[in-house]
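See below for the structure under consideration.
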Amino acid sequence: MTSGADVAVTGLGLVTPAGCGTAASWAGVLDGRPTAALDPELKGNPVQLSCRVPGFDADVLLGARRALRLDPFTRFALVAAREAIADSGLDPAEWDGARVGVVLGCADGGPGTVEAQHRTLLDEGAHRVSPLLLPMQLPNMMAGQTAIEFGATGPNLVVATACASGATAIGVARDLLLLDRCDVVLAGGAEAMITPLVMAGFARMGALSGREDDPATASRPFDAGRDGFVAAEGGAVLVLERTADARARSARIRGRVVGYGAGADAHHMTSPHPEGAGSEAAVRAALADAGAGPGDVGHVNAHGTSTPLNDLAEGRMLARVLPHGPVVTSTKGVTGHMLGAAGAVEAALTVLALETGVVPPTAGLSTLDPGLDIEVATAPASCPDGVALSNSFGFGGQNAVLALARA
Amino acid sequence: MFETLKEMLVSKLKVAPEQVTPEATREDVELDSLAVVELSLLLEKELGLQISDDELLEAATMGDMADLMVERSASA
Numbered sequence: 001m002t003s004g005a006d007v008a009v010t011g012l013g014l015v016t017p018a019g020c021g022t023a024a025s026w027a028g029v030l031d032g033r034p035t036a037a038l039d040p041e042l043k044g045n046p047v048q049l050s051c052r053v054p055g056f057d058a059d060v061l062l063g064a065r066r067a068l069r070l071d072p073f074t075r076f077a078l079v080a081a082r083e084a085i086a087d088s089g090l091d092p093a094e095w096d097g098a099r100v101g102v103v104l105g106c107a108d109g110g111p112g113t114v115e116a117q118h119r120t121l122l123d124e125g126a127h128r129v130s131p132l133l134l135p136m137q138l139p140n141m142m143a144g145q146t147a148i149e150f151g152a153t154g155p156n157l158v159v160a161t162a163c164a165s166g167a168t169a170i171g172v173a174r175d176l177l178l179l180d181r182c183d184v185v186l187a188g189g190a191e192a193m194i195t196p197l198v199m200a201g202f203a204r205m206g207a208l209s210g211r212e213d214d215p216a217t218a219s220r221p222f223d224a225g226r227d228g229f230v231a232a233e234g235g236a237v238l239v240l241e242r243t244a245d246a247r248a249r250s251a252r253i254r255g256r257v258v259g260y261g262a263g264a265d266a267h268h269m270t271s272p273h274p275e276g277a278g279s280e281a282a283v284r285a286a287l288a289d290a291g292a293g294p295g296d297v298g299h300v301n302a303h304g305t306s307t308p309l310n311d312l313a314e315g316r317m318l319a320r321v322l323p324h325g326p327v328v329t330s331t332k333g334v335t336g337h338m339l340g341a342a343g344a345v346e347a348a349l350t351v352l353a354l355e356t357g358v359v360p361p362t363a364g365l366s367t368l369d370p371g372l373d374i375e376v377a378t379a380p381a382s383c384p385d386g387v388a389l390s391n392s393f394g395f396g397g398q399n400a401v402l403a404l405a406r407a
Numbered sequence: 001m002f003e004t005l006k007e008m009l010v011s012k013l014k015v016a017p018e019q020v021t022p023e024a025t026r027e028d029v030e031l032d033s034l035a036v037v038e039l040s041l042l043l044e045k046e047l048g049l050q051i052s053d054d055e056l057l058e059a060a061t062m063g064d065m066a067d068l069m070v071e072r073s074a075s076a
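Heads up: the sequence lines are chains A and B, in that order. UniProt numbering numbers the first residue of the first sequence as 1 and each following residue consecutively. UniProt numbering numbers the first residue of the second sequence as 1 and each following residue consecutively.
Structural data, given as C-alpha cells:
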C-alpha cells in the first residue's frame, strides 16, 4: 500500500456539532458525548431534535459583511476550508491557483434562505424578494465562494448524492488528482438543512428519531431500540494531493485515500436495498481500487444513521463482506447525521482514527441489534493496522465508500 | 439624508462606517450590483422611497445617492 498512485490527506478542517475545529470535534467524538438537543427553531415541528454546531459565530469567523451574503452551509465550508489549508502548510498566496480544485458535496444547498425568501414572497410580494436569494442558496455556491476566498481557479464543482455527497466529493477529487487535472483539491462537504420545512419533510418520511424525552440516546446507531436519525449541520474539508507530491514538499501526511467505490442501488427512492447489494458492491469496488482484500480492513466508520432500515442492511452487509469482524463505529451517535456533509466529516474522523490509533465509540448504543453480528465499538478502541473504510449511502440509492490508510 | 443612508449601509448591509463618506464611490464602499438592489429594496421598505437600482447605479458617490434620496422624498 505504498503506491505512488494514491492520494494524501495533508490538511483537515472540521465544523461539527461536537465542536468548531478539528481538535474540538475529535475530542467530542472520542468522549462519546451525544450532541442532540431540543431545537427552539423547530418549535411546532413534529420532531424538534437536532444537532447544532456550538460556538459558530459567522460574524466573527468570516466578518459581518461577508457572512451576510452567505447561507450557513457556505459559511461552514469556508471555515472548514480555512482550517484545512492552514493545517496543510500550503499558502494560497503562493500556490498556482489554476492547479487547485474545489470539490464539495451537499444534499440541499441553502433551504433556510429559500424558506425565508418564500415567506417574503407570500407576505410582502415578489418585489421584496432579495437579490441574494439565488447567490446564497445555489448548491454550487459553496465551491464558488471557496474559490473566491482562496484563489482556487482549477476545476470547481459541487456534487449531490444526498447523504453520500461528502464522500462522493472526496472520491471525485481523488480522480481529478490521479488524472492530473489538479495538484491540490479542497474536498469535502457542508450542510445546513435544519429548517422547519426540511425537518417537516424528514419527519413525514418517518426518518427521524422521536426520542425527544431523552435526546442523549436519540441517535443510537445499531442499537436494538433505534428509531431514526437526528439531523445535524456542519462541514468538513480535506486538502488532498498526490502522495508523491506531498512527500516531495515534505508535507505532514495525515492519512491516505487509497480507494473509492461508488454505485447505485437502483432499488427504491429512499429505502436501502434490504440485502445491501449496492453498498456491498461499493465496498468491494473501494477495496479493489485500493488493491486490498476484505481481510485487510481493520476499521469501518459506518454510515450507521440510527434508522431501522439502514443499520440493519449495512450491518448485515458488513458481517457478510467482512466476516473477520473489523472494529465498526458510527460517529453519528455523537454528531447526529450531517446529511451531505457526513461523508466528508466521517472520512476526516477515519483519518484521525488511523493517525491516533483510536477508534471513537458509538454513542447511544447500549444493546446491539440482535440481528447483527458485527463488532461495534461502544468505548474508544484500538484502531488496527490496515485499511479503514468510511461508508456513506444516500437517499436515491447512491453509495460511496472510501478506503483510507495511514501515512 | 446622508446620515440616514450611512446608517442603512452600516446597520443593514454591514458596511464599515469609516468607508461611508459623501465622496466615497460605490467601488470604495464595495457595493456591487446585488448590494445596490438590496439598498433600493431597503429604501423602499424602511423609508418608503421609490428609487430603482438603475437610478442608484447612476449616482457617482454616496453623497449623490443621498441627494437622490432628498429629491425623491421631496417629490413623494
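Where is the CB? At the ideal position from N, CA and C, for every residue including glycine. From a predicted model like this one, the values you see are computed outputs, not experimental measurements.
Along the length of the stretch 157–200 of chain A, whole beta strand (DSSP E) runs at least 3 residues long occupy 184–191, reported in chain order.
Excluding the 5 residues flanking it on each side, alanine 66 of chain B has same chain C-beta neighbours closer than 6 angstroms at Met1, Phe2, Leu5, in chain order. Between threonine 350 of chain A and proline 221 of chain A, the C-beta spacing is not below 9 angstroms. Under the 9 angstroms criterion on CB atoms, alanine 66 of chain B is classed as non-interfacial with respect to chain A. For the stretch 248–294 of chain A, the continuous beta strand (DSSP E) assignments of 3+ residues that do not extend past its boundaries occur at 255–264, in sequence order.
Contact of leucine 34 of chain B with chain A by beta-carbon distance below 7 angstroms involves Pro131, Leu132, Pro135. In chain order, Gly151, Ala152, Thr153 place their CB closer than 6 angstroms to the CB of glycine 97 of chain A, counting only its own chain and leaving out the 5 sequence neighbours on each side. Residues are counted here when their Cβ sits less than 7 angstroms from a Cβ of chain B; for the stretch 58–84 of chain A these are Ala64, Arg65, Leu68, given in chain order. Taken through DSSP and simplified to helix, strand or coil, arginine 220 of chain A comes out as coil. Around the beta carbon of serine 209 of chain A, 16 or more other beta carbons lie within 10 angstroms, which makes this residue buried. The stretch 281–292 of chain A makes no contact with the stretch 246–254 of chain A; the number of CB pairs closer than 8 angstroms stays below 3.
By alpha-carbon distance to threonine 243 of chain A, the top candidate from A:Phe76, A:Pro40, A:Asp180 is A:Asp180. At the C-beta level, valine 102 of chain A and valine 185 of chain A come within 9 angstroms of one another. Annotation for glutamate 23 of chain B: no beta strand (DSSP E) segment contains it, and DSSP assigns it neither H nor E. For glycine 315 of chain A, no beta strand (DSSP E) run applies; the uninterrupted alpha helix (DSSP H) run containing it begins and ends at 308–321, by DSSP. With a threshold of 9 angstroms between beta carbons, alanine 16 of chain B makes contact with chain A. Two segments are said to touch when three or more pairs of C-beta atoms, one from each, lie closer than 8 angstroms; by this definition the stretch 226–242 of chain A does not touch the stretch 264–278 of chain A. For leucine 138 of chain A, the three-state secondary structure derived from DSSP is coil. For alanine 8 of chain A, the secondary structure class from DSSP, reduced to helix, strand or coil, is strand. Using a Cβ-Cβ cut-off of 9 angstroms, arginine 128 of chain A is close to Leu41, Glu44, Lys45 of chain B, given in chain order. When the Cα atoms are used, tryptophan 95 of chain A and isoleucine 85 of chain A turn out to be separated by approximately 11 angstroms. At least one CB of chain A lies nearer than 9 angstroms to the CB of valine 37 of chain B. Around the beta carbon of lysine 332 of chain A, a 10 Å sphere encloses 16 or more other beta carbons of the protein chains shown; the residue is thus reported as buried. When the beta-carbon positions are compared, alanine 147 of chain A and alanine 169 of chain A stay at least 9 angstroms from each other. Taking 9 angstroms as the threshold, the shortest C-beta distance from glutamate 30 of chain B to chain A falls below it. Only residues of its own chain outside the window of five on either side were considered, and among them Ala5, Val7, Arg242 have a CB closer than 8 angstroms to the CB of leucine 178 of chain A, listed in chain order. A direct Cα-to-Cα measurement between arginine 72 of chain B and serine 52 of chain B gives close to 11 angstroms.
In the DSSP assignment, arginine 66 of chain A falls outside any beta strand (DSSP E) and lies within the alpha helix (DSSP H) extending over 64–68. Look at leucine 13 of chain B: its C-beta is under 9 angstroms from a C-beta on chain A. The stretch 128–143 of chain A and the stretch 101–119 of chain A touch, with three or more beta-carbon pairs separated by less than 8 angstroms. When the Cα atoms are used, glycine 340 of chain A and alanine 160 of chain A turn out to be separated by approximately 8 angstroms.
Between the stretch 30–38 of chain B and the stretch 52–61 of chain B there are three or more C-beta pairs closer than 8 angstroms, enough to call the two in contact. Glycine 261 of chain A is not a Cβ neighbour of alanine 248 of chain A, given a cutoff of 9 angstroms. Counting along the chain, glycine 105 of chain A sits inside the beta strand (DSSP E) bounded by residues 100–105. Between the beta-carbon of proline 17 of chain A and that of alanine 216 of chain A there is about 13 angstroms, and that puts the pair past the 8 angstroms contact cut. Closest in alpha carbon position to proline 323 of chain A, among A:Ala379, A:Ala264, A:Gly298, A:Thr22, is A:Gly298.
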